[in-house]
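Numbering (the numbering used here), first residue to last: 10 to 99.
Don't be surprised by glycine CBs; every beta carbon is placed ideally from N, CA and C.
Worksheet: one structure, shown below.
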């Protein structure tokens, strides 16, 4: 009876789950990435805080689609963009 190919004695092949994946060295990010990320975070907080000032709040209420919530929308979009930039930082 012929032997199956995967049961030959003396020829232990490493299994796929036992082999270590090749090491990847990620390239460092550009120096402007953390600066832009932190800047967007600070800008988002500033926009949210400024949206609650009485003069700006009345002006934002005149914008039709979101009413008076434009400051919150723009602030949270800026915060989200800042977090996205900081997740790409290596």
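Counting along the chain, where does the alpha helix (DSSP H) carrying residue i start and finish?
i          : result
residue 96 : 79-96
residue 50 : 41-59
Determine the DSSP secondary structure at residue i, reduced to helix, strand or coil.
i          : result
residue 1  : This structure leaves residue 1 out entirely; the chain is present only between 10 and 99.
residue 31 : coil
residue 37 : coil
Using a Cβ distance threshold of 8 Å, determine whether the segment 79-95 contacts the segment 46-63, with at least three qualifying pairs required. At 8 Å Cβ cutoff, the stretches touch.
When you compare the segment 32-44 with the segment 58-69, are there three or more beta-carbon pairs, one atom per stretch, that lie closer than 8 Å? Verdict: no, contact absent.
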